[in-house]
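**Q**
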Amino acid sequence: MDFLMAIPVLFVLVVIIFLISYRLSHGSRRKTRQSGKRSHTPSRRGGGEEGVRLSEQNESMFDMTRYEKIDGTRFRHIYVVGDIHGCLKQLNLLLDSHQFSREQDLLISVGDLIDRGENSPGCLELLEQPWFACVKGNHEQMGLDALRGQHVSRWLSNGGDWFYKLPVEEELRVRELFKKVDALPHIIEVSTPTGLTIVAHADYPAPRYISGNPLSAHETMWSRQRLGKSREGQVQDIEGAERFYFGHTPVEKEQQFANQFYIDTGAVFGGWLTLVQIQ
Numbered sequence: 001m002d003f004l005m006a007i008p009v010l011f012v013l014v015v016i017i018f019l020i021s022y023r024l025s026h027g028s029r030r031k032t033r034q035s036g037k038r039s040h041t042p043s044r045r046g047g048g049e050e051g052v053r054l055s056e057q058n059e060s061m062f063d064m065t066r067y068e069k070i071d072g073t074r075f076r077h078i079y080v081v082g083d084i085h086g087c088l089k090q091l092n093l094l095l096d097s098h099q100f101s102r103e104q105d106l107l108i109s110v111g112d113l114i115d116r117g118e119n120s121p122g123c124l125e126l127l128e129q130p131w132f133a134c135v136k137g138n139h140e141q142m143g144l145d146a147l148r149g150q151h152v153s154r155w156l157s158n159g160g161d162w163f164y165k166l167p168v169e170e171e172l173r174v175r176e177l178f179k180k181v182d183a184l185p186h187i188i189e190v191s192t193p194t195g196l197t198i199v200a201h202a203d204y205p206a207p208r209y210i211s212g213n214p215l216s217a218h219e220t221m222w223s224r225q226r227l228g229k230s231r232e233g234q235v236q237d238i239e240g241a242e243r244f245y246f247g248h249t250p251v252e253k254e255q256q257f258a259n260q261f262y263i264d265t266g267a268v269f270g271g272w273l274t275l276v277q278i279q
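Using the UniProt record's numbering, the first residue of the sequence shown is number 1, and each one after it goes up by one.
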């Protein structure tokens with residue numbers, strides 16, 4: 001009789017043990033999944049690739065160029081500046097020497113605001129200024145890729161380590177600024193009284209400029225093919241615009257090939273910033 005009375009008690013105990021075992025097992029799997037998701041974001045301090053699953057190809061390889069049009073008649077003077085690379089102090093001195101007016105003038109950057117120089121966060125803050133416009137450079141793209149968990153070591157090896165050294169509050173601020181970086185155009189076209197001026201970081205990869213032409217964003221940010229051919233004597237105009245301004249490849253002094261101007265004069269490598277007035 002005692003044995004029969006004990007059966008329900010034993011049954012209840014078995015059920016309780018099963019439920020506890022199930023909950024423990026389920027919880028462990030859920031934590032594993034959550035941990036797996038976090039592993040796609042690099043450590044804020046480490047900045048390396050350990051535990052990060054990287055895609056074989058950069059997503060930006062398949063992006064198309066984004067264009068922005070600027071009506072030059074809205075401004076008194078318009079300037080184009082070469083790769084700044086964090087050299088904010090040098091930029092401010094240069095603007096002051098040209099009596100640049102933040103109320104009446106416009107400054108357009110050929111990209112690569114960040115990395116290698118002493119004040120990348122300050123250069124990113126330029127994106128909030130109404131007198132400043134910028135195309136996306138390959139260093140901006142490297143930063144965006146790294147913050148998405150892609151090719152972190154590539155950014156680190158090209159000067160992106162400053163981000164992983166930031167205090168927490170400043171890092172959060174910079175992450176917000178990178179939202180503006182993500183929205184940057186790859187090409188800016190400016191209408192001026194002397195003709196149409198095109199600004200891109202590395203190249204306009206076509207023989208004729210057509211506004212809105214769906215070209216490879218990767219080529220506009222990375223390509224050195226046109227410059228290489230020009231240096232070998234294969235110089236050709238790009239039709240469809242009066243002049244083109246590029247950065248990306250450091251040169252000892254501003255170089256012109258046909259209607260293309262290369263103005264990255266290596267400010268962060270001991271050179272200087274080049275500022276060109278186009279209106």
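Note that the Cβ used here is the ideal one computed from N, Cα and C, for glycine as well.
Because the structure is a prediction, the values reported are computed rather than measured.
Does the distance from the C-beta atom of residue 115 to that of residue 151 stay below 7 Å?
**A** One-based indexing of the sequence shown puts residue 115 at position 115. One-based indexing of the sequence shown puts residue 151 at position 151. Not closer than 7 Å, so no.
**Q** Are the Cβ atoms of residue 258 and residue 276 separated by less than 7 Å?
**A** Here residue 258 refers to the residue found at position 258 when the sequence shown is read from its first residue. Here residue 276 refers to the residue found at position 276 when the sequence shown is read from its first residue. In this structure, residue 276 does not lie closer than 7 Å to residue 258 by Cβ.
**Q** Say whether the region 106 to 125 touches the region 72 to 89, bearing in mind that this needs 3 or more beta-carbon pairs closer than 8 Å, one atom from each stretch.
**A** Touching, yes, given that three or more Cβ pairs across the two stretches are closer than 8 Å.
**Q** Residues in its own chain within less than 6 Å of residue 262 by CB, not counting five upstream and five downstream?
**A** As a first step, residue 262 must be located in the sequence shown, where it is residue number 262. Same-chain partners within the cutoff: 246, 251, 255.
**Q** Going straight from the alpha carbon of residue 267 to that of residue 90, what length do you get?
**A** If you number the sequence shown from 1, residue 267 lands on position 267. If you number the sequence shown from 1, residue 90 lands on position 90. Roughly 8 Å separates the two Cα atoms.
**Q** On the DSSP letters alone, give me the boundaries of the beta strand (DSSP E) that residue 219 sits inside.
**A** Along the sequence shown, read from residue 1 onward, the residue named residue 219 stands at position 219. Not the beta strand (DSSP E): residue 219 falls in the alpha helix (DSSP H), residues 217 to 222.
**Q** Could you give the distance in angstroms between the alpha-carbon of residue 161 and the alpha-carbon of residue 143?
**A** Here residue 161 corresponds to residue number 161 of the sequence shown, with the count starting at 1. Here residue 143 corresponds to residue number 143 of the sequence shown, with the count starting at 1. Rounded to whole angstroms, residue 161 to residue 143 spans 10 Å at the Cα level.
**Q** Would you check if the distance between the CB atom of residue 76 and the CB atom of residue 105 is smaller than 7 Å?
**A** Working through the sequence shown from its first residue, we reach residue 76 at position 76. Working through the sequence shown from its first residue, we reach residue 105 at position 105. Their beta carbons are under 7 Å apart, which means residue 76 touches residue 105 by this criterion.
**Q** Quick one: what's got a C-beta closer than 7 Å to residue 306's C-beta in the same chain, skipping five residues either side?
**A** In this structure the chain extends from 1 to 279, so residue 306 is not present and cannot be described.
**Q** Identify the continuous alpha helix (DSSP H) that holds residue 152 and give its terminal residues.
**A** If you number the sequence shown from 1, residue 152 lands on position 152. First-last of the alpha helix (DSSP H) with residue 152: 152 to 157.
**Q** Can you give the beta carbon distance from residue 181 to residue 140, rounded, assuming they're within the 8 Å contact cut?
**A** Here residue 181 refers to the residue found at position 181 of the sequence shown. Here residue 140 refers to the residue found at position 140 of the sequence shown. Their Cβ separation, rounded to whole angstroms, is 5 Å, which keeps residue 181 and residue 140 in contact under 8 Å.
**Q** Quick check: residue 242 and residue 196, are their CB atoms within less than 7 Å of each other?
**A** Within the sequence shown, residue 242 is the residue found at index 242, counting from 1. Within the sequence shown, residue 196 is the residue found at index 196, counting from 1. Yes; because the gap between Cβ atoms is below 7 Å, this pair is in contact.
**Q** Please state the DSSP three-state secondary structure of residue 135.
**A** Here the question's residue 135 lines up with position 135 in the sequence shown. If DSSP states are grouped into helix, strand and coil, residue 135 belongs with coil.
**Q** Out of curiosity, what's the CA-to-CA distance linking residue 124 and residue 108?
**A** On the sequence shown, position 124 is the one that residue 124 refers to. On the sequence shown, position 108 is the one that residue 108 refers to. Roughly 14 Å between the two C-alpha positions.
**Q** Using three-state DSSP, classify residue 278 as helix, strand or coil.
**A** The count along the sequence shown starts at 1 and reaches residue 278 at position 278. The answer is coil: DSSP assigns residue 278 none of H, G, I, E or B.
**Q** Which one of 183, 66, 128, 137 has the shortest CA to CA distance from residue 201?
**A** As a working note, residue 201 is residue 201 in the sequence shown. Nearest of 183, 66, 128, 137 to residue 201, Cα basis: 137.
**Q** Do residue 68 and residue 188 count as a contact pair if the criterion is CB distance below 7 Å?
**A** The residue you call residue 188 lines up with position 188 of the sequence shown. The residue you call residue 68 lines up with position 68 of the sequence shown. A contact, by the Cβ cut-off of 7 Å.
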